[in-house]
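For the sequence shown, this note's numbering assigns the number 406 to the initial residue and increments by one for each residue that follows.
Report on one structure; see the data block that follows.
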Amino acid sequence: MEEKSCPIPTSPSTSTSGSSSTPTTGEPSVANKNKAKTKKKMRNWMVYLILSSRLRMTYVGVTTDISRRLKQHNGEQRGGAKASRAGRPWMCSCIIQGFHNQSQACEFEAKWKGLCRKLPRKYKNIDDGDKKLLLKHREDALNKVIHLFNHNNLLQIEWSSNSEVPNQDVSSEDSQRQTHKSE
Numbered sequence: 406m407e408e409k410s411c412p413i414p415t416s417p418s419t420s421t422s423g424s425s426s427t428p429t430t431g432e433p434s435v436a437n438k439n440k441a442k443t444k445k446k447m448r449n450w451m452v453y454l455i456l457s458s459r460l461r462m463t464y465v466g467v468t469t470d471i472s473r474r475l476k477q478h479n480g481e482q483r484g485g486a487k488a489s490r491a492g493r494p495w496m497c498s499c500i501i502q503g504f505h506n507q508s509q510a511c512e513f514e515a516k517w518k519g520l521c522r523k524l525p526r527k528y529k530n531i532d533d534g535d536k537k538l539l540l541k542h543r544e545d546a547l548n549k550v551i552h553l554f555n556h557n558n559l560l561q562i563e564w565s566s567n568s569e570v571p572n573q574d575v576s577s578e579d580s581q582r583q584t585h586k587s588e
């Protein structure tokens, strides 16, 4: 399964020379432009895991709007990743929140994907559903990434009860939250 890389947005450069514009021109001052950039960067970045309803496939990605992104993956809106077309329809299995910026979320995503590729699939002989084993493999890799990922904020991990996550007792109908302090 081909996985997408995390795009890094480019921002137009701002000029630091000259004074801010006058209020009569209607143009924002340099200080106001910087405030707008700061607001734009302060989005809630999250890493998500989606599971195909038809095929034995998962997909890991980064977003600030999971409902929009899931609609894109399912073909309801434009912009879903090409790698996820074959697995439609998708359902959200896991969301990890608590990243300070896009860079942290992309780093976490890359480490999670990398560990999933490297970890041996030791669940071949168990008579459970294939999708449950696939999620168990992703969960094992996620638990290792949490211990490797080095930043000082709390990560909130939410598994969907519909995705039948192994070894998780679902305390509510929709999800179970885990909070991990990274080292």
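No residue lacks a Cβ here, since even glycine has one placed at the ideal position from N, Cα and C.
* To do: Using the DSSP secondary-structure output, state which residues sit across from Ser-457 in a beta bridge.
  => Trp-495
* Contacts around Phe-513, its chain only, beta-carbon distance under 6 Å, and the 5 residues preceding and following it disregarded -> Val-452, Phe-554
* Quick one, which of Arg-448, Tyr-464, Ala-486 has its alpha-carbon nearest Arg-522's? -> Tyr-464
* **Residue of Lys-549, Trp-495, Ala-515, Ile-471 minimising C-alpha distance to Asn-479** => Trp-495
* How should Leu-456 be labelled, buried or exposed, when 16 other C-beta atoms within 10 angstroms of its C-beta is the threshold for buried? -> buried
* To do: Jot down the residue ranges of each uninterrupted beta strand (DSSP E) in the stretch 475 to 525, minimum 3 residues, whole runs only, in chain order.
  => 495 to 504
* Within 9 Å, strictly: CB atoms of Cys-499 and Arg-543 -> yes
* To do: Tell me, please, which residues DSSP counts as bridged to Met-451.
  => Thr-468, Gln-502
* Asked: Around the Cβ of Gly-503, are there at least 16 other Cβ atoms within 10 angstroms (buried) or fewer (exposed)?
  -> buried
* Rounded C-beta distance between Val-550 and Trp-517? I'm assuming under 8 Å. -> 5 Å
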